[in-house]
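Student: Would you mind keeping the following structure in view while I ask a few things?
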Amino acid sequence: MNKYGLFALLCLLPICTTAVPPSTPPDKSPTWKIRYVLFVDTARNFRQIAMKAAHENADVLRSHNENDYLESDELLTPTTVFNSGTAIVVLQFDRTGRVISQHPLLSRFQGMHRPNALLALVNRDDLHGKPYYFADWAESDSESVHYLPAPCTQVDRRRYGRLVTYTPLVGGFGCREWTAQLHRAQRPYIDVTSYGERGNFIGRFMGWAGFGDTPKPVIGMHRKTWLCLHECPSGEQPGVIPDIRTWARKHRYPIPVAPATQPEYPDRETED
Numbered sequence: 000m001n002k003y004g005l006f007a008l009l010c011l012l013p014i015c016t017t018a019v020p021p022s023t024p025p026d027k028s029p030t031w032k033i034r035y036v037l038f039v040d041t042a043r044n045f046r047q048i049a050m051k052a053a054h055e056n057a058d059v060l061r062s063h064n065e066n067d068y069l070e071s072d073e074l075l076t077p078t079t080v081f082n083s084g085t086a087i088v089v090l091q092f093d094r095t096g097r098v099i100s101q102h103p104l105l106s107r108f109q110g111m112h113r114p115n116a117l118l119a120l121v122n123r124d125d126l127h128g129k130p131y132y133f134a135d136w137a138e139s140d141s142e143s144v145h146y147l148p149a150p151c152t153q154v155d156r157r158r159y160g161r162l163v164t165y166t167p168l169v170g171g172f173g174c175r176e177w178t179a180q181l182h183r184a185q186r187p188y189i190d191v192t193s194y195g196e197r198g199n200f201i202g203r204f205m206g207w208a209g210f211g212d213t214p215k216p217v218i219g220m221h222r223k224t225w226l227c228l229h230e231c232p233s234g235e236q237p238g239v240i241p242d243i244r245t246w247a248r249k250h251r252y253p254i255p256v257a258p259a260t261q262p263e264y265p266d267r268e269t270e271d
C-alpha cells in the first residue's frame with residue numbers, strides 16, 4: 000500500500016489527498032455550476048489541518064510526481080471565526096469559476112472541473128501548476144436521488160460509507176443533507192446541525208450553492224447557541240441568533256426540528 004492509501008485509511012482530521020494525473024488537461028465539457036462553497040470546522044482544526052497539509056504538499060512537490068494533487072486544506076484560512084470556535088471559509092465564484100471573494104490566499108484562484116469528476120483550485124497566475132483538490136462532483140443515475148448532484152469531500156466518503164466512521168469532530172451532517180435541504184422548495188433555510196444524544200453541534204462539512212439555486216440562510220446549533228453562518232435573511236450579519244423561536248417567527252420560518260437520524264442518506268448496505 001502506498002503512502003496515500005495508508006493516509007486515506009488513517010487520517011481522522013484532514014481531507015485526504017487524491018492521486019490522479021493532474022497534468023491531464025482540464026475537463027472542458029462541464030460548465031462551472033458553483034456560486035459558492037462554504038467550508039466549516041473549528042478554528043483550531045483549520046489551523047492543525049493546514050499545517051499537516053502543508054507538510055504533505057511539500058512532500059508532493061519534492062517528489063515531482065505528476066500523479067498527485069496538492070491538498071487545498073493548506074490554503075483554507077478562515078474568513079470568519081465565531082465566539083463558539085466555529086469557523087468558516089467562504090469562496091464565491093463567477094460563472095467561469097474565478098474566485099471573486101476576498102481571501103488572503105485564494106483570491107487569485109480558479110475553480111476547475113478535472114478528469115474523474117474532481118473539483119480543484121488552480122492559481123490563475125500559474126494555470127499549468129499543480130491543482131489543489133477540494134471535492135468530488137458526485138452524481139447519480141437515478142432521478143429519485145434528491146441529494147445529488149453535489150460536491151462532496153473525502154470526509155463525506157467516510158461519513159456515508161458502509162462502515163460509518165465519522166467522529167464527533169466530523170458529525171452526521173454532510174454534503175447530502177445540505178443538498179437535499181438546498182433543493183427542497185418548502186425549506187427556507189439550511190440547518191447544518193449535527194444532532195446527537197450527547198448534544199448538538201456544528202461539525203466538519205462543506206456546503207455549496209449553484210447559480211440557479213435560491214439563496215437560503217445557513218444556520219446551525221453549536222452546543223446551546225444558534226448561529227447564522229452565511230446568507231442571513233433581511234440583511235442580517237452572520238453571528239449568534241439569540242432566540243431561535245423569535246428569529247423564526249420574525250422571518251416566518253418554521254422552527255428547526257432534528258431529523259429522525261443522521262446521516263440521513265448513508266450508502267445502502269449491500270450483502271457480502
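Counting from 1, position 249 in the sequence shown corresponds to residue 248 in numbering that gives the first Met the number 0; the numbering is continuous, with no gaps. Beta carbons are placed, not taken as given, at the ideal position from N, Cα and C, and that holds for glycine.
1) Would you kindly check if the distance between the Cβ of Ala52 and the Cβ of Asp72 is under 8 Å?
2) Under a Cβ-count criterion, where at least 16 other Cβ atoms within 10 Å of its own Cβ denotes burial, should Gln109 be classed as buried or exposed?
3) Determine the contact status of Ile243 and Gly219, defining contact as a CB-CB distance below 8 Å.
4) By alpha-carbon positions, which one of His182, Trp225, Ala184, Val154 ends up nearest to Phe172?
5) Using a 10 Å radius around the Cβ and a threshold of 16 neighbouring Cβ atoms, would you call Pro214 buried or exposed?
6) Could you work out which residue in Met111, His145, Trp31 is closest to Ala184 when comparing CA atoms only?
7) Identify which residue in Pro150, Gly170, Pro148 has its Cα closest to the Cα of Arg158.
8) Could you tell me which of Asn64, Thr224, Gly195 sits nearest to Gln261, measuring between CA atoms?
9) Restricting to runs no shorter than 4 residues, where is the alpha helix (DSSP H) found entirely within the region 167-209?
10) Can you tell me whether Gln47 is helix, strand or coil according to DSSP?
11) Note the first and the last residue of the continuous alpha helix (DSSP H) segment covering Thr85.
12) When you compare only the Cα positions, how much space is there between Thr85 and Val39?
13) Between which residues of its own chain and Gln180 is the CB-CB distance below 6 Å, once the five residues before and five after are set aside?
14) Just tell me which of Leu75, Leu120, Thr78, Pro103 has its CA closest to the CA of Gly96.
15) Assuming Asn313 and Glu70 make a contact with CB atoms under 8 Å, what is their CB distance in whole Å?
16) What residue does the beta strand (DSSP E) around Arg257 start on, and which one ends it?
17) Name the residue from Arg61, Asp58, Ser106 whose alpha carbon lies nearest to the alpha carbon of Thr78.
18) Thinking Tyr35 and Gln101 are a contact (beta carbons under 8 Å), I'd like their distance in whole angstroms, please.
19) Given this structure, state the Cα-to-Cα distance separating Asp26 from Pro114, to the nearest angstrom.
20) DSSP on His304, reduced to helix/strand/coil?
21) Report the residue from Thr76, Leu60, Arg61, Asp58 whose alpha carbon sits nearest the alpha carbon of Gln47.
22) Which of the three DSSP states is assigned to Pro265 in this structure?
23) Under three-state DSSP, which class holds Glu138?
24) When burial is assigned at 16 or more other CB atoms within 10 Å of the CB, is Met50 buried or exposed?
Tutor: Per the coordinate set shown:
1) Locating residue 72 in the sequence shown gives position 73, where the first residue counts as 1. Locating residue 52 in the sequence shown gives position 53, where the first residue counts as 1. Their beta carbons are under 8 Å apart, which means Asp72 touches Ala52 by this criterion.
2) Here residue 109 refers to the residue found at position 110 of the sequence shown. So Gln109 counts as buried.
3) Taking the first residue of the sequence shown as 1, we reach residue 243 at position 244. Taking the first residue of the sequence shown as 1, we reach residue 219 at position 220. Taking 8 Å as the cut-off, the Cβ atoms of Ile243 and Gly219 do not count as close.
4) What you label residue 172 is simply residue 173 of the sequence shown in a count that begins at 1. Distance check between Phe172 and each of His182, Trp225, Ala184, Val154 places Val154 closest, using alpha-carbon atoms only.
5) Counted from its first residue, the sequence shown places residue 214 at position 215. By the 10 Å Cβ count, Pro214 comes out exposed.
6) Translated into positions along the sequence shown, residue 184 becomes position 185. It is His145.
7) For the purposes of this step, residue 158 is identified with residue 159 of the sequence shown, where counting begins at 1. Checked all of Pro150, Gly170, Pro148; the closest Cα to Arg158 is Gly170.
8) The count along the sequence shown starts at 1 and reaches residue 261 at position 262. Looking at the Cα atoms, Gly195 is the closest of the given residues.
9) For the region 167-209, whole alpha helix (DSSP H) runs of length 4 or above, ordered along the chain, are 174-181.
10) To locate residue 47, count along the sequence shown from 1; it is residue 48. Shown here, Gln47 sits in a helix according to DSSP, grouped into three states.
11) As a working note, residue 85 is residue 86 in the sequence shown. It is not in any alpha helix (DSSP H) - Thr85 instead sits in the beta strand (DSSP E) that spans 85-91.
12) Reading the sequence shown from its first residue, position 86 is the one you call residue 85. Reading the sequence shown from its first residue, position 40 is the one you call residue 39. Straight-line Cα distance between these residues: approximately 7 Å.
13) Locating residue 180 in the sequence shown gives position 181, counting from the first residue. Excluding sequence neighbours, Gln180 sits near Arg186, Ile189.
14) As a working note, residue 96 is residue 97 in the sequence shown. If we check each option's Cα against that of Gly96, Leu120 comes out closest.
15) Outside the modelled stretch of the chain, which goes from 0 to 271, sits residue 313, for which no answer is possible.
16) Taking the first residue of the sequence shown as 1, we reach residue 257 at position 258. The question names Arg, yet the displayed sequence has Ala at residue 257. From DSSP, Ala257 is part of no beta strand (DSSP E); its letter is neither H nor E.
17) Numbered from its first residue, the sequence shown carries residue 78 at position 79. Residue Ser106 is the option with its Cα nearest to Thr78.
18) Here residue 35 refers to the residue found at position 36 of the sequence shown. Here residue 101 refers to the residue found at position 102 of the sequence shown. Rounded to whole angstroms, the Cβ separation of Tyr35 and Gln101 is 13 Å, and the two are not in contact under 8 Å.
19) For the purposes of this step, residue 26 is taken as residue 27 along the sequence shown, with counting starting at 1. For the purposes of this step, residue 114 is taken as residue 115 along the sequence shown, with counting starting at 1. With a pLDDT of only 43 at Asp26, under 50, the local geometry of the prediction cannot be trusted, and no value is derived from it.
20) Not covered by the structure: residue 304. The range shown for the chain is 0 to 271.
21) For the purposes of this step, residue 47 is taken as the residue at position 48 of the sequence shown. Checking every option, the nearest Cα to that of Gln47 belongs to Thr76.
22) Walking along the sequence shown from the start, residue 265 turns up at place 266. Pro265 falls in the coil class under three-state DSSP.
23) Looking up residue 138 in the sequence shown gives position 139. DSSP places Glu138 in coil when its eight states are reduced to three.
24) Stepping through the sequence shown from its first residue, residue 50 is reached at position 51. Exposed, because fewer than 16 other Cβ atoms sit within 10 Å of the Cβ of Met50.
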